[in-house]
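Student: Going left to right, the sequence shown walks through residues 1 to 79 as full-length UniProt numbering numbers them.
Just so you know, even glycine gets a beta-carbon here, dropped at the ideal spot from N, CA and C.
This is the structure I have questions about; it appears just below.
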Amino acid sequence: MNLSLILFLIGILGFVLNRKNIILMLISIEIMLLSVTFLILISSLNFDDILGQTFAIYIITIAGAESAIGLGILVAFID
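This is the structure:
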């Protein structure tokens, strides 16, 4: 649980400190999403609930789609 909190804080710091670099901002958002996913997985293992693991897979899928769309928009914006 502490690891998830530390990863989330690293993501927030990366987002705040790298306001001029869009790629690093996207990476920071991904770190925050993955830390929340990790926290959900830990909680679902503690409560022995498979719904949390299903929800974590859903979050990882949405995060991947968000990264692909964000990078696509970035490439279109640069060109």
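Going by C-alpha distance, which of F77, D49, L74, F55 is nearest L34?
Tutor: Residue 34 sits at position 34 when you count from the first residue of the sequence shown. Closest option to L34, Cα to Cα, is F55.
Student: Just how far apart, CA to CA, sit N46 and G52?
Tutor: The residue you call residue 46 lines up with position 46 of the sequence shown. The residue you call residue 52 lines up with position 52 of the sequence shown. Roughly 10 Å separates the two Cα atoms.
Student: Considering just the uninterrupted stretch of the alpha helix (DSSP H) at M25, what are its terminal residues?
Tutor: As a position in the sequence shown, residue 25 is number 25, starting the count at 1. M25 -> alpha helix (DSSP H) spans 22 to 47.
Student: Compare the C-beta of I78 against all C-beta atoms of chain C and say whether one is closer than 8 Å.
Tutor: Judged by its chain identifiers, the structure shown contains no chain C, having just a single protein chain.
Student: What did DSSP end up calling N18 once you bin it into helix, strand or coil?
Tutor: Position 18 of the sequence shown, counted from the first residue, corresponds to residue 18. If DSSP states are grouped into helix, strand and coil, N18 belongs with coil.
Student: Short check: CB of T37 to CB of I12, under 8 Å?
Tutor: As a first step, residue 37 must be located in the sequence shown, where it is residue number 37. As a first step, residue 12 must be located in the sequence shown, where it is residue number 12. Not in contact: T37 and I12 (Cβ atoms no closer than 8 Å).
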